[in-house]
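Residue numbers (the numbering used here), protein chains in the order written: chain A, 1 to 275; chain B, 276 to 705.
Comments concern the structure below.
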Amino acid sequence: MNMKKTLTAIALGFGILAGAGNAQAAGSGPKPPSIEWSFNGIFGTYDRASLQRGFQVFRNVCAACHSLNLVAFRNLEAIGYSEDQVKAIASSYEVQDGPDDSGEMFTRPATPADHWPSPFPNSKAAAAANGGAAPPDLSLITKARGAGGDSALRVSMFHPGGFALGADYVHALLIGYKETPPEGFDLPPGKYYNEYFPGHAISMAPPLGEGIVEYEDGTAATPDQMATDVTTFLSWAAEPELEHRKNLGIKVILFLLVLTAMLYALKRKIWSDVH
Amino acid sequence: MSGGTSNFQSNSRVVNWIEHRLPIFSFLDSQLHQYPTPKNLNYFWNFGSLAGIVLVIMIVSGITLAMSYTPHTDLAFNSVERIMRDVNSGWLIRYIHMNGASMFFIVVYIHIFRGLYYGSYKAPREILWMIGIFILLAMMATAFMGYVLPWGQMSFWGATVITNLFSAIPLVGDYIVQLLWGGFVVDNPTLNRFFSLHYLLPFVIVGLVFLHLWALHMHHSNNPTGVEIKDEKQDTIPFHPYYTIKDMYGLGIMLIFFAFFIFFAPNYFGHPDNYIMADPLVTPPHIVPEWYFLPFYAILRAFTSDYWVYQIISLGGTLMSAKLAGVIAMFASILVLLLLPWLDRSRVRSAKYRPLYRFFFWVFAIDCVILGWVGGLPPEGVLVTIGQWSTFWYFFHIIIIVPVVGILERPKPLPDSIAASVTSAPQAAE
Chain A
1 MNMKKTLTAI ALGFGILAGA GNAQAAGSGP KPPSIEWSFN GIFGTYDRAS LQRGFQVFRN
61 VCAACHSLNL VAFRNLEAIG YSEDQVKAIA SSYEVQDGPD DSGEMFTRPA TPADHWPSPF
121 PNSKAAAAAN GGAAPPDLSL ITKARGAGGD SALRVSMFHP GGFALGADYV HALLIGYKET
181 PPEGFDLPPG KYYNEYFPGH AISMAPPLGE GIVEYEDGTA ATPDQMATDV TTFLSWAAEP
241 ELEHRKNLGI KVILFLLVLT AMLYALKRKI WSDVH
Chain B
276 MSGGTSNFQS NSRVVNWIEH RLPIFSFLDS QLHQYPTPKN LNYFWNFGSL AGIVLVIMIV
336 SGITLAMSYT PHTDLAFNSV ERIMRDVNSG WLIRYIHMNG ASMFFIVVYI HIFRGLYYGS
396 YKAPREILWM IGIFILLAMM ATAFMGYVLP WGQMSFWGAT VITNLFSAIP LVGDYIVQLL
456 WGGFVVDNPT LNRFFSLHYL LPFVIVGLVF LHLWALHMHH SNNPTGVEIK DEKQDTIPFH
516 PYYTIKDMYG LGIMLIFFAF FIFFAPNYFG HPDNYIMADP LVTPPHIVPE WYFLPFYAIL
576 RAFTSDYWVY QIISLGGTLM SAKLAGVIAM FASILVLLLL PWLDRSRVRS AKYRPLYRFF
636 FWVFAIDCVI LGWVGGLPPE GVLVTIGQWS TFWYFFHIII IVPVVGILER PKPLPDSIAA
696 SVTSAPQAAE
């Protein structure tokens with residue numbers, strides 16, 4: 001039995017030891033608060049109402065400057081829109097297509113198969129329109145800005161006190177602006193002070209002003225509510241497989257537990273004549 | 276292969292027809308079925324077969340991924356996301372492969388430390404041990420190149436940092452770096468050749484694994500007492516069904532651990548920056564390799580120009596640059612293990628009967644963990660000193676402590692045989 005304890009300890013040790021690269025992008029800000037996301041944990045799922053509100057925030061606010069290249073209109077069915085609704089949403093956007101038979105590029109209304117159109121033709125144009133800093137694509141932002149996406153583990157050898165998830169960081173960043181930087185902080189012109197951004201001087205203006213969005217479902221659109229909703233939406237954009245993954249994971253692990261228990265019983269039986 | 280007498284017989288005419296021309300059935304029977312295995316192996320002996328199974332999982336998932344992956348700098352990143360989003364169960368295959376790499380190293384590192392603890396590298400198993408070290412090296416090369424393929428920020432910058440190390444080699448360094456890159460920077464030719472080699476090397480590993488097993492089957496498994504098999508009837512049991520079922524049970528446990536990460540923390544072992552597409556113009560603030568390279572990365576970084584070990588081996592900085600010394604030390608930290616069978620002078624294998632060696636074994640194990648910890652953090656302040664002393668201790672243990680302890684230590688009395696050890700201490704086998 002001692003042997004098994006040692007092995008378990010070693011296995012867990014390796015698990016904790018790793019989580020390796022999870023050093024925060026640059027540890028110059030305070031740790032973002034850990035939010036109880038609907039999609040956290042082993043049984044987590046995306047809150048559908050929050051996803052749709054978040055989509056509204058993305059569409060009305062973020063999409064003005066940020067692209068969402070990896071998401072297609074058809075994917076929106078996964079957050080609760082019907083096929084017809086998706087068609088309607090898609091057709092309200094124009095995308096470039098072509099060349100046609102005469103060799104000309106043309107624009108046409110988007111179809112569900114099209115990916116989300118970028119607000120700028122290329123990254124140079126995006127940078128030029130935004131004071132030299134191109135707004136990053138948001139498709140993977142929650143996975144790219146924090147440890148372990150929606151990790152069920154929040155500890156590692158490098159962060160014994162626990163680390164923040166990408167979603168925690170994005171949420172904190174969106175509402176982490178300060179009107180006046182602290183005494184002695186030299187804020188370059190055209191930048192904004194953000195408590196959670198590495199280096200604190202961020203090019204993005206505070207995006208979520210009070211009442212910038214009026215929610216279709218009547219929820220009060222406070223900045224914190226909007227930040228929560230849009231982060232939920234972006235988490236879905238980054239990990240659309242999450243619900244299926246966790247659901248399947250529970251079944252796989254239950255199956256393995258039963259299988260392993262039976263293998264153990266069989267092992268005991270087969271070994272009973274070894275002395 | 277010796278041992279494993281086969282009294283294979285079959286009533287099937289087809290089997291006998293084949294057996295007469297290619298004795299594969301009697302071979303399998305003698306090597307996998309009747310194969311005599313010490314009866315006292317503990318669960319640490321599960322990790323060899325686990326490593327073999329993880330290798331198969333990696334090859335199968337990897338071949339599947341390659342069907343949808345595009346090795347081009349403009350397309351690689353998005354092709355991986357395409358796998359994650361649009362390929363049926365693509366996310367599952369990719370997370371199996373991604374986390375499988377970490378599982379492979381966890382299992383193999385435990386396997387290696389088991390060998391160190393029980394003296395499995397000693398005569399007549401030196402070549403078995405050395406092939407194992409070559410497998411580790413091939414695994415490392417494969418894992419490194421595989422990490423480059425998604426073409427994220429950490430892929431690109433990891434490739435840049437590691438390939439640049441070779442430039443420290445005198446005379447031919449720059450040539451080697453250009454050969455690795457296929458040009459003058461890390462770019463599309465680099466990605467192409469890494470993909471090609473990442474697909475090739477696992478099959479080289481399969482070949483090495485066969486040699487590893489061949490060498491193993493010559494003298495059979497070591498065991499927790501380190502005493503050789505003396506009487507096959509008394510000391511051993513047939514591999515099947517005893518060890519097949521024990522390995523299956525161990526596999527079940529490992530798969531639960533593996534599945535937890537695949538389904539509930541799939542990016543735990545990864546770095547967030549690798550979800551940003553590679554950008555040669557933006558350097559990440561803190562470039563770190565994957566966790567399984569961290570101890571070696573710490574050794575590499577320990578060699579600064581004011582490190583006293585460097586000062587000594589470079590004769591006050593005249594013989595080589597600190598960078599070159601670090602590169603040499605990093606490779607030496609693995610290659611020195613090849614000499615272990617000759618550095619360890621003790622005739623007793625198992626640390627169970629070697630109290631002094633056992634103490635230093637655990638110090639060494641902790642030292643490796645500290646190296647891994649230091650390797651993952653920025654080289655600042657006291658961490659530099661800790662990394663340098665841990666690096667010193669790593670080599671000091673292998674080159675000085677192991678031989679000296681082997682000579683000075685008075686081991687405890689060994690049991691007469693495997694069978695005797697089992698009957699005198701029945702709980703030890705469990």
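Idealized CB from N, CA, C, for every residue including glycine.
F379 of chain B and T8 of chain A have their C-alpha atoms spaced approximately 17 angstroms apart.
Not a single CB atom of chain A sits nearer than 8 angstroms to the CB of K627 of chain B. By the neighbour-count criterion, in which 16 or more other beta carbons inside 10 Å mark a residue as buried, R576 of chain B falls on the buried side. Contact note: M157 of chain A reaches chain B through W648, using a C-beta cutoff of 7 angstroms and chain order. At a cut-off of 4 residues, the continuous stretches assigned as alpha helix (DSSP H) that sit fully inside the segment 433-475 of chain B are 448-456. The secondary-structure analysis by DSSP pairs I512 of chain B across a beta bridge with B:T312. Taking L208 of chain A as reference, the option from A:F39, A:D217, A:R268 and A:T222 with the minimal CA-CA separation is A:T222.
Taking the CA atoms as reference points, S442 of chain B sits about 50 angstroms from L51 of chain A.
Contact between G249 of chain A and A626 of chain B is ruled out by a C-beta separation of about 38 angstroms, above the 8 angstroms threshold. In this structure, R620 of chain B sits near I682 of chain B, with a CB-CB distance shorter than 8 angstroms. Sorting B:V623, B:F671 and B:V649 by C-alpha distance to the C-alpha of E684 of chain B places B:V623 at the top. Sequence-ordered contacts of the segment 234-250 of chain A with chain B read P240, E241, R245, K246, L248 and G249 [C-beta pairs closer than 7 angstroms]. Among the residues of chain A, those whose CB is under 7 angstroms from the CB of Y524 of chain B are T260, L263, Y264 and K267, following chain order.
For N75 of chain A, there is no enclosing alpha helix (DSSP H), as DSSP gives it neither H nor E. Cβ-Cβ distances below 7 angstroms link P117 of chain A to Y93, V95 and A110 in the same chain, with the five nearest sequence neighbours on each side left out; the list follows chain order.
Judged by DSSP secondary structure, F568 of chain B falls outside any beta strand (DSSP E); it is assigned neither H nor E. For the 8 angstroms CB-CB criterion, K687 of chain B and I512 of chain B do not form a contact. Listed in chain order, the positions of the segment 152-178 of chain A with a beta carbon within less than 7 angstroms of a beta carbon of chain B are A152, L153, M157, F158 and G166. For the 8 angstroms CB-CB criterion, W426 of chain B and A341 of chain B do not form a contact.
The beta carbon of L658 of chain B lies closer than 7 angstroms to those of V649 and L652 in the same chain, with the five residues before and after it left out.
Counted as a single uninterrupted DSSP element, the beta strand (DSSP E) harbouring F106 of chain A occupies residues F106 to P109. Within the segment 362-430 of chain B, the complete alpha helix (DSSP H) runs of at least 4 residues fall at 365-392 and 401-423. Under DSSP, I202 of chain A shares a beta bridge with A:Y192.
Nearest CB-CB separation between F538 of chain B and chain A: below the 8 angstroms threshold. The Cβ atoms of F120 of chain A and A129 of chain A lie closer than 8 angstroms to each other. Between the beta-carbon of I371 of chain B and that of I270 of chain A there is about 30 angstroms, and that puts the pair past the 8 angstroms contact cut. The alpha carbon of S203 of chain A has as its nearest neighbour, out of A:F255, A:G98, A:A126 and A:A167, the alpha carbon of A:A126. Around M359 of chain B, the beta-carbon contacts reaching into chain A at under 8 angstroms are E241.
Contact of W583 of chain B with chain A is not assigned, every C-beta pair being separated by 8 angstroms or more. Residues of chain B whose Cβ lies closer than 7 angstroms to the Cβ of W271 of chain A are, in chain order, Y517.
Around the CB of F431 of chain B, 16 or more other CB atoms lie within 10 Å, so the residue is classed as buried. In this structure, DSSP gives Y169 of chain A a helical state, which the three-state scheme calls helix. For V274 of chain A, no alpha helix (DSSP H) segment is defined, and its DSSP state is neither H nor E. Identification of chain B residues near I202 of chain A by a Cβ-Cβ cut-off of 9 angstroms yields none; the smallest Cβ-Cβ distance measures about 15 angstroms.
Note on the segment 517-603 of chain B: whole alpha helix (DSSP H) runs with a minimum of 4 residues are 519-539, 569-577 and 583-588, in chain order. Rounded to the nearest angstrom, the Cβ distance from V213 of chain A to V86 of chain A is 20 angstroms, too far for a contact under 8 angstroms.
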